[in-house]
Amino acid sequence: MTIAAILEAKGSDVVSVSSETLVADAARLLGERRIGALLVLDGTGGIAGICSERDVVANLGIGGESLLEWTIERIMTAPAVTVTPDSSVESALQLMTRRRIRHLPVVESGELKGIVSIGDLVKHQIDQLAEEADAMRAYIQEA
Numbered sequence: 028m029t030i031a032a033i034l035e036a037k038g039s040d041v042v043s044v045s046s047e048t049l050v051a052d053a054a055r056l057l058g059e060r061r062i063g064a065l066l067v068l069d070g071t072g073g074i075a076g077i078c079s080e081r082d083v084v085a086n087l088g089i090g091g092e093s094l095l096e097w098t099i100e101r102i103m104t105a106p107a108v109t110v111t112p113d114s115s116v117e118s119a120l121q122l123m124t125r126r127r128i129r130h131l132p133v134v135e136s137g138e139l140k141g142i143v144s145i146g147d148l149v150k151h152q153i154d155q156l157a158e159e160a161d162a163m164r165a166y167i168q169e170a
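Reminder that position 59 of the sequence shown reads as 86 in my numbering, one-by-one numbering, no gaps.
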């Protein structure tokens with residue numbers, strides 16, 4: 028199974044901000060949208076980085092309350108680790124585990140196609156296992 032199939036099922040909506048967005052605004056957006064990461068775009072619309080809840084929390088101890096007035100560029104993870112639509116779900120999960128990240132922008136020929144989370148990929152694998160188990164039960168019942 029490929030990342031393209033995951034995007035087909037979940038959609039390609041990506042919530043993004045500019046690198047000049049204040050951390051306070053980014054944190055508000057994360058909470059309002061109930062998402063774990065924002066894609067950070069540069070002035071040309073390219074991917075400058077990614078800012079996750081972890082980035083906010085990790086920098087809270089450094090910046091304290093003043094963190095809210097920083098720009099997202101100061102705390103984002105850059106460069107963003109990406110995958111292509113033809114990447115396998117298994118390779119994406121391995122990459123996420125190895126890099127200890129939970130979100131992967133999906134890029135093809137320099138164009139943003141969507142974003143997948145570790146939750147999206149695990150859900151896919153659980154659904155696939157359930158389908159295989161159902162097929163096995165049906166096979167056994169027919170025999």
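Where is the CB? At the ideal position from N, CA and C, for every residue including glycine.
Once you ignore the five residues that flank residue i on each side, which residues in its own chain have a CB closer than 8 Å to its CB?
i	result
H130	G63, A64, I77, S79, I142, V143, S144, I145
E34	The question names Glu, yet the displayed sequence has Leu at residue 34. Excluding residues within five positions, the ones whose Cβ falls inside 8 Å are P112, V133, K140, G141, V143.
E92	none
A119	I30, V110, L131, V143, L148
L57	G63, A64, L65, E80, V83
I'd like to confirm the pairing. Which residues does DSSP put opposite residue i in its beta bridges?
i	result
V143	L131
Got a sec, what are the start and stop residues for the beta strand (DSSP E) residue i sits in?
i	result
A64	64-68
Taking 7 Å as the limit between beta carbons, can you name the residues of its chain near residue i, skipping five residues before and five after?
i	result
I102	V50, C78, D82, V83, N86
S39	K140, G141
D69	S46, A75
L94	V50, N86, L87
H151	M28, I33, V116
P106	G76
A98	According to the sequence as given, residue 98 is Thr; it is not Ala. Result list for T98: S46, E47, T48, L49, in chain order.
A170	none
Grab me the residues of residue i's own chain with a C-beta within less than 6 Å of its C-beta, minus the 5 sequence neighbours each way, in chain order.
i	result
R126	V108
| request: Jot down the residue ranges of each uninterrupted alpha helix (DSSP H) in the segment 73-141, minimum 4 residues, whole runs only, in chain order. | output: Secondary structure remark: continuous alpha helix (DSSP H) runs of at least 4 residues inside the segment 73-141, in chain order: 80-90, 116-126.
| request: Write down every uninterrupted run of the beta strand (DSSP E) in the segment 28-64 whose length is 3 residues or greater and which is fully enclosed by it, in chain order. | output: If only uninterrupted beta strand (DSSP E) runs of at least 3 residues are considered, those enclosed by the segment 28-64 are 43-45.
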